[in-house]
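Sequence positions in the sequence shown follow my numbering and run -15 to 349.
Built from N, CA and C at the ideal position, the CB exists for glycine as well.
Everything below concerns the one structure shown next.
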Amino acid sequence: MNDLVPQPGSSFLAASWLPEVLTVIGAIVAINVVAYYLLRHIEKLAARTPAVWDDALIRATRKPLTLILWVSAAAFAVQIVLKHSGTPLPEFVVHTRDTLIVAALAWFLLRLISNASRSIVARTEVAGDGVDRTTIDALSKLGRFTVVILAGLIILQTLGFSVSGVLAFGGIGGIAVGFAAKDMLANFFGGLTIYLDRPFVVGEWIRSPDKEIEGTVEYIGWRHTRVRAFNKNPIYVPNALFTNIVVENPTRMTNRRIKETIGVRYADLDKLPAIIADVKAMLQAHPEIDTDTTLIVNFNQFAASSLDFFIYTFTRTVQWVHYHEVKQDVLLKVAAIIQAHGAEIAFPTRTLHIESDAGEAQPAP
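In structure tokens, the structure reads:
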């Protein structure tokens, strides 16, 4: 009696394609397991080498490879089922498979570029080598942008679209978009100019005499640059602005300048030559003064209440805090030299001469 009643799932279990599909699934699971442990072993070996590309390559491979294996297995299983049923393979299955494989390859390249850029920055910082983060970031963004565009064109061609027609439409549409988004394009090309010319990079101190912009560069994007002001406020500057303003980069200075005018009393005129000579000798012997640059100590002018001489020299350090420590030491030593010669630093004074009136009546005897 039970033999006359069809059992649920009996037709599925009796399907001729089931063993082959199960074999494909088992094989793909086994391949994934082997690939997982093999990549782990290779990653450990790559970590011992000084190269950065092998580590980035292994880390970028794992997830996209898994996607490619499962997509290929699923497409093969569908093909087996349709073959046993005598149904031709639909085009959308082929298109879906090819699209997912292209997307997986693009995903692999994007991960490779990102991992490589991070590894290069990290390893050079650990090794103490100089690294231009701005250049690495620019190349990374340009590489990712190229991968996305190429992957998109390949997928469109895979789906049956004419790439030449798409490019032609893009050229016509690009003109319209260019007029509508000229500010965005100006910022894009401004960012490209920063990446290529490198007037500054991330971490440098910049300022503009044309605009109220001064601080440390934190981020350079395709649309704007973020500058952290010294009061810790963020300043977001459109990249197009940098093509029209003067930008100073104090971070790249080779020395810092000390330029001071010091005055002594008119009563110390005879002591001034010796004071100037001793100050110059002190600067030439100072370990923090760069004597290979301009060093001037000379009498400058007869001021209203002082005899002025000026100091013009450069420190070896460019670090802001240390520079002020050196400048303080120099000025205190100058004051000590003036005092040692028995002279005094002048301060604003005014002398009043009061004359008695010759016609004034004399007091009575």
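Beta-carbon within less than 7 Å of residue i's beta-carbon, same chain only, minus the 5 sequence neighbours each way: which residues are those?
| i | result |
| --- | --- |
| T333 | S289 |
| Y250 | L291 |
| E77 | Looking at the sequence itself, residue 77 is Val, so the reference to Glu does not match. Only A59, V62 meet the Cβ criterion. |
| Y220 | H208, R210 |
| L96 | A40, L41, A44 |
| G127 | I97 |
| L253 | L291 |
| L23 | I42, T45, R46 |
| G114 | Only weak support is given to the placement of G114: the predicted model assigns it a pLDDT of 48, under 50, and the value that follows is read from those uncertain coordinates. Nothing listed; no residue qualifies. |
| V310 | E272, T299, T301 |
Please report the residue range of the beta strand (DSSP E) in which residue i lies.
| i | result |
| --- | --- |
| L291 | 291 to 299 |
| I366 | Any answer about residue 366 is impossible in this case: the structure gives the chain only from -15 up to 349. |
| Y220 | 218 to 222 |
| N284 | 280 to 286 |
| E244 | 240 to 248 |
| V211 | 208 to 212 |
| I190 | 189 to 192 |
Just confirm the distance between the C-beta atoms of residue i and residue j, as a whole number of angstroms; I'd bet it's less than 8 Å.
| i | j | result |
| --- | --- | --- |
| I295 | E244 | 5 Å |
| A122 | Y179 | 4 Å |
| V105 | I85 | At roughly 31 Å, the Cβ-Cβ gap does not stay under 8 Å, so V105 and I85 are not in contact. |
| N239 | T200 | Contact flag wrong, Cβ pair sits at about 20 Å. |
| L53 | I12 | 6 Å |
| V314 | I242 | 6 Å |
| R191 | E198 | 4 Å |
| I356 | T235 | A question about residue 356 goes unanswered here, because the residues of the chain that appear run from -15 up to 349. |
| P222 | N171 | 5 Å |
| V318 | I246 | 6 Å |
| V230 | P193 | 6 Å |
| T227 | T177 | 6 Å |
| H325 | K255 | 5 Å |
Enumerate in chain order the residues of its own chain whose CB-to-CB distance from residue i is below 8 Å, with the five nearest sequence positions on each side excluded.
| i | result |
| --- | --- |
| I280 | F294, I295, Y296, T297 |
| I321 | I259, D262, V263, M266 |
| I64 | W1, E4, V5, V8 |
| N(-14) | Note that N(-14) has pLDDT 45, beneath the 50 cutoff, so the model's placement of it is unreliable and the number below is only indicative. Closer than 8 Å at Cβ, skipping near neighbours: no residue. |
| L336 | none |
Start and end of the alpha helix (DSSP H) containing residue i?
| i | result |
| --- | --- |
| W37 | 37 to 69 |
| D313 | 304 to 324 |
| G174 | 166 to 181 |
| A11 | 2 to 31 |
| D262 | 256 to 269 |
Given residue i, which residues of its chain have a CB within under 6 Å of its CB, disregarding the five upstream and five downstream residues?
| i | result |
| --- | --- |
| L143 | H79 |
| Q285 | D292 |
| F283 | F293 |
| E27 | I42 |
| W206 | F172, G175 |
Given 8 Å, three or more beta-carbon pairs between the segment 43 to 55 and the segment 90 to 106: yes
Would you call the segment 180 to 198 in contact with the segment 126 to 141, where contact means no fewer than 3 C-beta pairs closer than 8 Å? no
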